[in-house]
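Please read the structure below before turning to the comments.
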Amino acid sequence: MKHEYDVIIVGGGLAGLTAALHLHKEGHGVLVIEKNTYPRHKVCGEYLSNEVLPYLDTLGINLPQAGAVAIDTLFFSTADGHPMETSLPLGGQGISRYALDDLLYREVLSQGIDVLSDRVVDISYNYTDFKVVTKEIKTITSKVVIGAYGKRGGLDKRLDRPFMAQKSSWMAVKSHYGLDSFPEHMVALHNFPGGYGGLSKTESGAVNFCYLAHYQSFQKVGNIEDYNEQVVATNPFLKDFLSRAKPIFRQPLAIAQISFHPKAAVENHVLMCGDAAGLIHPLCGNGMAMAVHGAKMAAEATDRFLKDGGRDREGLERGYQREWHKAFRRRLWYGRNLQHLFMRPRLSSSVLGLLVRQPFLLKKIINATHGQPL
Numbered sequence: 015m016k017h018e019y020d021v022i023i024v025g026g027g028l029a030g031l032t033a034a035l036h037l038h039k040e041g042h043g044v045l046v047i048e049k050n051t052y053p054r055h056k057v058c059g060e061y062l063s064n065e066v067l068p069y070l071d072t073l074g075i076n077l078p079q080a081g082a083v084a085i086d087t088l089f090f091s092t093a094d095g096h097p098m099e100t101s102l103p104l105g106g107q108g109i110s111r112y113a114l115d116d117l118l119y120r121e122v123l124s125q126g127i128d129v130l131s132d133r134v135v136d137i138s139y140n141y142t143d144f145k146v147v148t149k150e151i152k153t154i155t156s157k158v159v160i161g162a163y164g165k166r167g168g169l170d171k172r173l174d175r176p177f178m179a180q181k182s183s184w185m186a187v188k189s190h191y192g193l194d195s196f197p198e199h200m201v202a203l204h205n206f207p208g209g210y211g212g213l214s215k216t217e218s219g220a221v222n223f224c225y226l227a228h229y230q231s232f233q234k235v236g237n238i239e240d241y242n243e244q245v246v247a248t249n250p251f252l253k254d255f256l257s258r259a260k261p262i263f264r265q266p267l268a269i270a271q272i273s274f275h276p277k278a279a280v281e282n283h284v285l286m287c288g289d290a291a292g293l294i295h296p297l298c299g300n301g302m303a304m305a306v307h308g309a310k311m312a313a314e315a316t317d318r319f320l321k322d323g324g325r326d327r328e329g330l331e332r333g334y335q336r337e338w339h340k341a342f343r344r345r346l347w348y349g350r351n352l353q354h355l356f357m358r359p360r361l362s363s364s365v366l367g368l369l370v371r372q373p374f375l376l377k378k379i380i381n382a383t384h385g386q387p388l
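In the numbering used here, the protein residues as written are 15 to 388.
Following this line, the structure appears as structure tokens:
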């Protein structure tokens, strides 16, 4: 490993590894710093919109060949069990983060990209380049730093990001289940009092169940097993699923303090991408595709900056922020408002009745929370 790179990417998840492959392909020296090992499970919906497949193909990542499950149908229900089913215009792939991140990681290694297993504790900028310091007291410099370290971390506090001072009222729970009868071609989104969850099959044949719950709702029960039984299962479709499916994980994975507050796409001159730049509500089912798309934009902006001699950092940052907001602002707006709507059972039932009578409106919502093929 060297001590100087063109680009340091902090975080080796979906966004970070994608950006690394793109920038390496353009001839830049890249270092990925990731504190965890591969492969590993993550709390994630594990549905990836087909809009990013053409781009991933250019990076040598073929998801159908990796066993991803083709999904073309959305099944939806309100908290009181009113259902709706519709086709997905673009469709998507069901693949676990365990498999997808590892697939990207192995491609990164095969391309000779440097990966450092360590935790970043500080990032500083001195008007021309960056100094990145890790827990193991390694100091590495670069011309550009891309932050791809996830929803919330110690670096956010270190960088004094405003959203860290705001209350985060959500938690997420994920587990894999065995249930052969669950339709492979379907992603299901089900509401329950205080939250909602998604179901879809992955490359292993397991069904991923990941849900988001308001922490105030969860606190009244106190543990995941009882919460599933007393709250999640009040939705009749989720009750049926939980009664028939066999848990595969020894214990569900859970994360707290999930923030949907707006974040800056550039913070202290660091280009943020993936969940570090902005988190869409899982109800829209498109966070993984946004991470890939955001990584593409960050890599393209960085590539132009470096090939121009690194002279216009202000233009790099302003241009990236403009492109990020152009691509995602509308999706995030729809995500916030859909969540507010479907967390109100009476109102959501009325709206669902309207969508049943006017199905083109649901297609419009789906299109608004997805992009065009990259």
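Ideal placement from N, C-alpha and C gives every residue a C-beta, glycine not left out.
Distance, residue j Cα to residue i Cα
| i | j | result |
| --- | --- | --- |
| R133 | L77 | 29 Å |
| L330 | L114 | 29 Å |
| R327 | R345 | 27 Å |
| T153 | L169 | 16 Å |
| Y348 | L293 | 12 Å |
| T8 | M15 | The structure shown has nothing for residue 8, since the chain only spans 15 to 388. |
| A259 | G192 | 6 Å |
| V245 | Q230 | 12 Å |
| R218 | H55 | First, the amino acid is wrong: residue 218 is Ser here, not Arg. Rounded to whole angstroms, S218 to H55 spans 13 Å at the Cα level. |
| K165 | K171 | 12 Å |
| L102 | G333 | 32 Å |
| D240 | D254 | 16 Å |
| V158 | H228 | 37 Å |
| F232 | R264 | 21 Å |
| G324 | T316 | 9 Å |
| I340 | G41 | According to the sequence provided, residue 340 is Lys. The question's Ile does not apply to it. Each residue's alpha carbon lies about 27 Å from the other. |
| R336 | F342 | 10 Å |
| A290 | W338 | 12 Å |
| D71 | I151 | 37 Å |
| D116 | S364 | 43 Å |
| D143 | E18 | 10 Å |
| S214 | G105 | 13 Å |
| C58 | G236 | 22 Å |
| Q386 | S131 | 35 Å |
| G167 | R111 | 19 Å |
| N300 | K149 | 33 Å |
| L73 | K234 | 46 Å |
Under 7 Å between C-beta atoms of residue i and residue j
| i | j | result |
| --- | --- | --- |
| A303 | S63 | yes |
| A93 | F274 | no |
| K310 | Y69 | yes |
| I23 | I160 | yes |
| Y52 | Y119 | yes |
| M185 | A270 | yes |
| A29 | C287 | yes |
| I262 | S182 | no |
| L256 | N242 | yes |
| E99 | N222 | no |
Neighbourhood of residue i by C-beta distance below 7 Å, restricted to the same chain and skipping five residues each side
| i | result |
| --- | --- |
| V122 | L31, A34, L35, V46 and V129 |
| H204 | S91, Y210, G211, N249, F251 and L252 |
| V66 | A303, V306, H307 and L388 |
| Y139 | N282 and H283 |
| K145 | S138, T153 and T155 |
| P266 | V187, K188, S189 and I238 |
| G95 | N249, P250 and F251 |
Limits of the unbroken alpha helix (DSSP H) element including residue i
| i | result |
| --- | --- |
| Q244 | I238 to Q244 |
| H36 | L28 to K39 |
| E121 | R111 to S124 |
| P68 | L67 to T72 |
| F89 | F89 -> not in any alpha helix (DSSP H); beta strand (DSSP E) instead, spanning V83 to S91. |
| D317 | G301 to K321 |
| L169 | G168 to R172 |
6 Å CB neighbourhood of residue i in its chain, flanking five on each side removed
| i | result |
| --- | --- |
| E48 | G26 |
| V44 | V21, A34, L37, H38 and I127 |
| A268 | V187 |
| V389 | This structure cannot speak to residue 389, because the chain is shown only from 15 to 388. |
| A247 | K253 and L256 |
| L285 | I160, A312 and Y334 |
| F319 | L330 |
Enclosing beta strand (DSSP E) for residue i [first to last residue]
| i | result |
| --- | --- |
| K403 | This structure does not reach residue 403, given that the chain is present from 15 up to 388, and the question cannot be answered. |
| V158 | T153 to G161 |
| T248 | Element bounds for T248: n/a, residue is neither H nor E. |
| A202 | M200 to F206 |
| L267 | L267 to I272 |
| Q233 | Element bounds for Q233: not the beta strand (DSSP E) but the alpha helix (DSSP H), Y229 to Q233. |
| L102 | P97 to G108 |
| E48 | V44 to E48 |
| D128 | D128 to S131 |
| T142 | Note, T142: premise wrong, no beta strand (DSSP E); not H, not E. |
Beta-carbon contacts of residue i that lie in its chain and below 8 Å, excluding the five residues immediately before and after
| i | result |
| --- | --- |
| S195 | R258 |
| I109 | E60, L62, L77, A80, G81, A82, V83, T216 and E217 |
Measuring CB atoms only, is the region 81 to 91 touching the region 199 to 214, in the sense that at least three cross pairs come out at less than 8 Å?
yes
Would you call the region 167 to 185 and the region 265 to 282 in contact, with 3 or more CB pairs under 8 Å?
yes
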